Amino acid sequence: MMTDKVRYVIFSGANERAIIASCRYFCEAGFSFSLIARPLNDKIRLTRYRKNIDAIRQNDAIIASDMLSCIALVSRKYPQDKLVFLPSSESINRIILSCRQHFEQAGLDCYLCPQDCYETLSNKKSFIALTAEFDIDSPVEIKMPGYNDLPLVAKPSLEFSSSDGRKIYPVLIIDNKDLDDFFINHQAEEYFYQEYVVGESYYYLMFLYSNGNQLIRYQRNLLQQDNGKSIIAAEACDCPDLNFERKLISAFRAVDFSGFVMVEVIKNNDKTFLIEANPRLWGPLQLAIQQGITPNLIHDYPDVPNNNTSVSPYLWINGLISDVLQGKKPHSYFRKDECSICVIIMALCHDIYLHSDTLLLFIYEIKISFSHYLKKLVTKFISRTKNE
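Numbering (the working numbering), first residue to last: 217 to 604.
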């Protein structure tokens, strides 16, 4: 069980909404935690939790030796505490796993599954192959995509590009122009392709214990940023498909996975399609915490309350503002009988950043969105003036 000697260690600088939700929970529950910040552009500095920054990386790139130096610094600062790693980012998790022995020798307890297991889940194609063995449906793969295959989704085969090292994200390809642009601007061999499946979007929010037990909650997505990016609005819900869940757990247990994982699915009538798994903390973590999936599960075995039907909805209004000002169209999963505007207005008081501890960050994100929008307008005006 949890002791006062435990201190959770969080590498910040990515997946900010999950980190904010974790920090907020740790403070409210009275747990100790230390943040290790990026040297540049770390949004955590705009929050109340900047006081919990106990080390700063020397390099903006993720380098194991740099991370180890930060762990040593935290360990010296709190010599009586047991340091427990919180898996907030897949990029960080992979570095930790690749040098696990060094981090554990430095005093960081890493409650993660083995590296090969983690990579099987984290890599989209290998996870789909694993789950196919358990009769789990995924969107049909398209080998050589053409105009007749549209719409489709290009998904990365690797986390980082082999050509320039940048992180690779899925790309939604709707029309002929999208397909042409994709092949011009991307390395086609770094992706695989699937049909675009429509339906309701759900997350299975899971923590699998190493002893064979599991804690599972559910999230219905209501609004998502353009091109399948971050969730803007969501609500707690009941299990979308219990048979799918049973098969999913069997797949995880077959590779001895334990820890946090979020599984995204699309449900079309009575059929559930697997989209991907994220074996880390996920962006709308605030919604999961209300349902008992708390960050300290990585080390502790707390009493978990029953599913609470009065859980507050999740909202990230700045994600919506950013899309709208960029001329993008967020994807709505609202049903025909639901008023999306009413839901968003009612959820404003639950926005992830519209709180006293993160108000500066809330304002900063709005400022950045409007700054980019105004810059775009000025550029467009100057171009039009020159042409006239």
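A virtual CB, placed ideally from N, CA and C, is assigned to each residue, including glycine.
Fair warning: this is a prediction, and the values are worked out from it, not measured in the lab.
Could you tell me whether the Cβ of Glu554 comes closer than 7 Å to any Cβ of chain C? Checking the listed chains, one finds no chain C in this structure; it contains a single protein chain.
Could you please give the first and the last residue of the uninterrupted beta strand (DSSP E) stretch that includes Ser417? Looking at the DSSP string, the run of the beta strand (DSSP E) that includes Ser417 is Glu416 to Leu424.
List the endpoints of the continuous beta strand (DSSP E) containing Tyr434. For Tyr434, the uninterrupted beta strand (DSSP E) run begins and ends at Gln430 to Gln440, by DSSP.
DSSP beta-bridge partners for Asn605? Beyond the ends of the chain as shown, which are 217 and 604, falls residue 605; an answer cannot be given.
CB-CB length for Lys545 against Asp394, believed under 8 Å: For a cut-off of 8 Å, the C-beta gap from Lys545 to Asp394 is around 13 Å, too long to register as a contact.
Please list, in chain order, all residues of the same chain as Ile568 whose beta carbon is under 6 Å from its beta carbon, the five residues on each side excluded. Excluding sequence neighbours, Ile568 sits near Arg233, Gln502 and Trp532.
For Ile252, which option in Ser526, Ile582 and Lys267 has the closest C-alpha, if you only look at C-alpha atoms? The residue with the shortest Cα to Cα distance from Ile252 is Lys267.
For the alpha helix (DSSP H) containing Val225, name the first residue and the last one. If you look at Val225, you'll find it isn't in any alpha helix (DSSP H); it sits in the beta strand (DSSP E) that goes Val222 to Phe227.
In chain order, each alpha helix (DSSP H) run of at least 4 residues that lies wholly inside the segment 329 to 379: Every unbroken stretch of the alpha helix (DSSP H) spanning 4 or more residues and falling wholly within the segment 329 to 379 is given here in chain order: 331 to 338 and 340 to 348.
Along the chain, where does the alpha helix (DSSP H) that runs through Val559 open and close? For Val559, the uninterrupted alpha helix (DSSP H) run begins and ends at Ser556 to Ala563, by DSSP.
Three-state secondary structure (DSSP) of Gln502: Correct three-state label for Gln502: helix.
Compare the beta carbon distance of Ile236 and Thr574 with 7 Å and say whether it is the shorter of the two. In contact: Ile236 and Thr574 (Cβ atoms closer than 7 Å).
Secondary structure at Phe550, three-state DSSP: helix, strand or coil? In the structure shown, Phe550 adopts coil according to DSSP, grouped into three states.
What did DSSP end up calling Thr219 once you bin it into helix, strand or coil? Any reading at Thr219 needs caution, since the residue's pLDDT is 46, under 50, leaving its predicted position unreliable; the model's value is listed next. If DSSP states are grouped into helix, strand and coil, Thr219 belongs with coil.
Measuring straight from C-alpha to C-alpha, what distance separates Ser585 and Ala230? So the alpha carbons of these two residues sit roughly 18 Å apart.
Just checking my contact of Ser446 with Gly499 at CB under 8 Å: how many whole Å lie between their CB atoms? Indeed they touch by this definition, with Cβ atoms about 5 Å apart.
Between Gln274 and Leu284, what straight-line distance do the alpha-carbon atoms span, to the nearest angstrom? A direct Cα-to-Cα measurement between Gln274 and Leu284 gives close to 11 Å.
When you compare each of Leu374, Gly323 and Val414 to Val356 by their alpha carbons, which one comes out closest? Closest by alpha carbon: Val414.
Where the beta strand (DSSP E) through Phe468 begins and ends: In the DSSP assignment, Phe468 falls outside any beta strand (DSSP E) and lies within the alpha helix (DSSP H) extending over Leu458 to Ala470.
Taking Leu289 as the reference, give the member of Val300, Ile272 and Val387 with the closest Cα. When the alpha-carbon of Leu289 is set against those of Val300, Ile272 and Val387, the nearest one is in Ile272.
Name the residue from Leu302, Lys341, Ile352 and Asp391 whose alpha carbon lies nearest to the alpha carbon of Cys329. Of the candidates Leu302, Lys341, Ile352 and Asp391, the one whose C-alpha sits nearest the C-alpha of Cys329 is Leu302.
Asn231, DSSP secondary structure in three states: Looking at Asn231 - three-state DSSP - the assignment turns out to be coil, as it is neither helix nor strand.
Pair every Cβ in the segment 366 to 383 with every Cβ in the segment 332 to 345, then say whether three or more of these pairs are closer than 8 Å. Counting C-beta pairs with one atom in each stretch, the segment 366 to 383 and the segment 332 to 345 have three or more that are closer than 8 Å, which means they touch.
Run the CB neighbour count on Met422, radius 10 Å, all protein chains shown included, and call it buried at 16 or more, exposed below. Note on Met422: 16 or more other CB atoms within 10 angstroms of its CB, so buried under the neighbour-count rule.
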